[in-house]
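First the structure, in the form of C-alpha cells, and then the observations on it.
Chains as they are written, first to last, in my numbering: chain A, 1 to 197; chain B, 1001 to 1384.
Printed below as a string of C-alpha cells:
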C-alpha cells in the first residue's frame, strides 16, 4: 500500500524584478507537496541580498503541480515571508478555479469585483459579494481598485472531501518615496516632449 | 436618399454623413464620417466577436484603411474603463490628431500617472495603461515635425477643421465641455487620488467623475450632432450639462442627433438640454451599462427618453451575459458565494445613422441596427 505524500499549504510573499527593472511585490497561496515546499522554505539567500525574517531566494522553482503555475514566484525571486497554513499528512487540495481581479465598487454590506482567469479574458466575470465573504481584517481593505484573489477547489482530509471557496485581498505594499520619485521622473520624461495645443 | 444597402459592410457615400455608435464594451465608441472617406473616432471599446477595437474592426469591414482614413481620435474620459483599445486605434492611425481633456496637462496628473505605472501588472491593468500608451506614441511622434500637436479639449475649443487636413464636408467639431470650473474640480480630485508613501497600492479608481467628460457639437451644412460623452447634470450650474445650456443661451443651435450621456440614466438627463440643445424628435442613441444589479438605461429611463423622442435607439439591451462554467462544481460554488455574477460586457451592437449632406437638416436619418441594437420603443414593449 502506498502512503499519500504529505502536503503543506503555504502563504508566500515574494518580490521579483519585472521587465523594466522595477521591483514587484506580490503574494500567493500555494498547496505544495512537502518536498516542493522545502525548496522554497530552505533555499539559500543570494549573496548580497539583505536577509529579512523568513527570507529566502527561490533558486529552484517548485513544481506548480496543483494549478498555480501563473502565480508561482519566478526563479531568482526573493521570498520575503512564508507562512505554513496547514501541514498534515493525508491532506491534499485540488484547485478547480483561480480568479484574480480588483474591486470595482464598495457598498455598505457588499462589494463588486471584476475577475479574470487570464489577463486576456474578454468578456470577464463581474460578481457582487457579501462583505461577510471576506475575513474581518480584509473587509476594510475592500475599496475600489483593491486587488483580490478567489480560489475554488476541493480540500481533502483523509477520506473526507470539502468544496472550498477562498476570497482574499492581495496586500500590495504602500508606495515608497524612492519609487514615487522614480515614477515622477519617468512620467516627466514621457510627457516633456509632448506639446499640447 | 440615404444608402439603402442595409449591409454592415457598405461604407457611406462620399457626400454622406454617418454617425456610428458601438457598444457596450468597457466603454463605447463613436465613428463619425468627416467626408471623402475620412473619419473621426471618439472613445473606444472592443468589438464583441473580433475583440479588436470596434472602430478598427468596422472601418476595415467597410473597406477603409484605418491607418490613413482616421484623422482625429478623441478620448472623452481617460480612465481605461471608458476607452478600451483607444491606444491601439491611435497607434494604427498614423496621421491622426489626438485630443482629450485638459486634465492631462496638470502636474497632479503626472503624479498619478507616475505612481500607477508600477501597478500595470495587476490583473485588469492599472487604470491608466491606455493613456500611458497614447502618451508614449505622442512622445514618439513629437520627433516628427510634420505631426500636428495633440489638442486639449475644453469649452469653446474647435477640434476640427485643422489646417492641412481634408474637410470636404466643411465639418466643424467643437467642444462644449469640460468647463473651466470642471477643470478646477478635476485638479482637486487628482490631488485626492495622488499617491503618497503611506497609501496602499491598488488599481487606479476613476477619480475624475463625469463632469469632466468632453462633449462635442458637430455641424456640417446645417446638420448638427451632439455627442454627450458621459457628462452629468449638476446642481451647480457652472458644471455639467447646465453649464453648456447657459453657454448656449440665445443661440439656436439645436441638434438633429444626440448620443445620450451616461447610458440614458437620470443623472445625465435634463429637460433644459432636450428643449434647448435638441430638435423635437431628435434621433437619440445610447449604449447600455451593467454592473451588479444596476442596469442602464432602466425601462423607466427608456420611457422618459421616449417621452422626448420616439426616435430613440439602444446599441444593445442592458443585459449581462449569463455566467456559466464547464465545471458544474465551480458554477455551483460561484453562484453560492455571490449575490450576483455575470459576464460583462453582455450583448453588443451598433447603431448607424446616415444622411446625405445635401438633404435639408430636418430630414430624418436613415437608421440601421446591427448585432443586438434595438429601438428603445421595441425594447420597452418586449420588456414590459
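All residues carry an ideal CB built from backbone N, CA and C; glycine is no exception.
Just so it is clear, the structure is predicted and the values come from calculations on it, not from any experiment.
Cβ-based neighbour list, residue 1263/B, same chain, cut-off 7 angstroms, excluding 5 preceding and 5 following: 1286, 1287, 1288, 1289, 1296 and 1297
Minimum Cβ-Cβ distance from residue 196/A to chain B less than 8 angstroms: yes
Own chain, CB closer than 6 angstroms to residue 951/B, minus 5 neighbours either side, in chain order: Past the edges of chain B, shown from 1001 to 1384, lies residue 951/B, and the structure says nothing about it.
Partner residues on chain B for residue 188/A, Cβ-Cβ distance less than 9 angstroms: 1110 and 1114
Any C-beta of chain A under 8 angstroms from that of residue 1180/B: no
Terminal residues of the beta strand (DSSP E) in which residue 1160/B lies: 1158-1160
Reduced DSSP category for residue 1331/B - H, G, I as helix; E, B as strand; rest coil: helix
Spatial distance of residue 70/A from residue 153/A (CA atoms): Bear in mind that the predicted position of residue 70/A carries a pLDDT of just 39, short of 50, making it unreliable; the figure below should be weighed with that in mind. Computed Cα separation, rounded: 17 angstroms.
DSSP-derived helix/strand/coil call for residue 156/A: strand
Inter-residue spacing [alpha-carbon to alpha-carbon] between residue 1180/B and residue 1071/B: 27 angstroms
is_contact[residue 1053/B, chain A] using C-beta, thresh 8 angstroms: no
Alpha-carbon to alpha-carbon, residue 105/A and residue 1358/B: 48 angstroms
Min CB distance residue 104/A to chain B below 8 angstroms: yes
Unbroken stretches of the beta strand (DSSP E), 3 residues or longer, contained in the segment 1278-1364 of chain B: 1278-1286, 1289-1291, 1294-1296, 1312-1314, 1340-1344 and 1349-1356
Contact belief for residue 1229/B with residue 1214/B at Cβ below 8 angstroms, rounded distance in angstroms: 5 angstroms
Cβ distance (whole Å) where residue 1319/B is taken to contact residue 1312/B below 8 angstroms: With 8 angstroms as the limit, residue 1319/B and residue 1312/B do not qualify as a contact, their Cβ atoms being about 18 angstroms apart.
The segment 1014-1026 of chain B in contact with the segment 1040-1057 of chain B per 3-pair CB rule at 8 angstroms: yes
Nearest neighbour of residue 1141/B, chosen from 1380/B, 1220/B and 1096/B [CA to CA]: 1096/B
Own chain partners of residue 1240/B with C-beta closer than 7 angstroms, once the 5 adjacent residues on each side are dropped: 1211, 1231, 1232, 1233 and 1234
Any C-beta of chain A under 8 angstroms from that of residue 1009/B: no
Limits of the unbroken beta strand (DSSP E) element including residue 1256/B: 1255-1259
Residue 44/A classed as buried or exposed, judged by whether at least 16 other C-beta atoms fall within 10 angstroms: Unreliable placement is indicated for residue 44/A, whose pLDDT of 37 sits below 50; no coordinate value is reported for it.
Residue ranges of each alpha helix (DSSP H) within the segment 1016-1049 of chain B, 4 or longer: none
When 1347/B, 1339/B, 1249/B and 1114/B are compared against residue 184/A, the one with the closest alpha-carbon: 1114/B
Three or more C-beta pairs below 8 angstroms linking the segment 169-187 of chain A and the segment 109-118 of chain A: no
Any C-beta of chain A under 8 angstroms from that of residue 1189/B: no
Residue 1333/B at chain A interface by Cβ criterion, 8 angstroms: yes
Host alpha helix (DSSP H) of residue 1240/B (start-end): 1240-1247
Chain A within 8 angstroms of residue 1001/B, Cβ atoms only: Low confidence applies to residue 1001/B: its pLDDT is 38, below 50, so where it sits in the model is not reliable, and the reading given next is rough at best. Not closer than 8 angstroms to any Cβ of chain A, the Cβ of residue 1001/B fails to qualify, so no.
Against chain B: residues of the segment 171-188 of chain A by CB proximity under 7 angstroms: 172, 173, 174, 175, 176, 177, 179, 180, 183, 184, 186, 187 and 188
DSSP state of residue 1223/B mapped onto helix, strand, coil: strand
CB-CB length for residue 1301/B against residue 1266/B, believed under 8 angstroms: 7 angstroms
Of the listed residues 1089/B, 1260/B, 1065/B and 1151/B, nearest to residue 1051/B (C-alpha basis): 1089/B
Span of the beta strand (DSSP E) around residue 1071/B: 1070-1075
Reference residue 1331/B, options 164/A, 179/A, 101/A and 192/A, closest by Cα: 164/A
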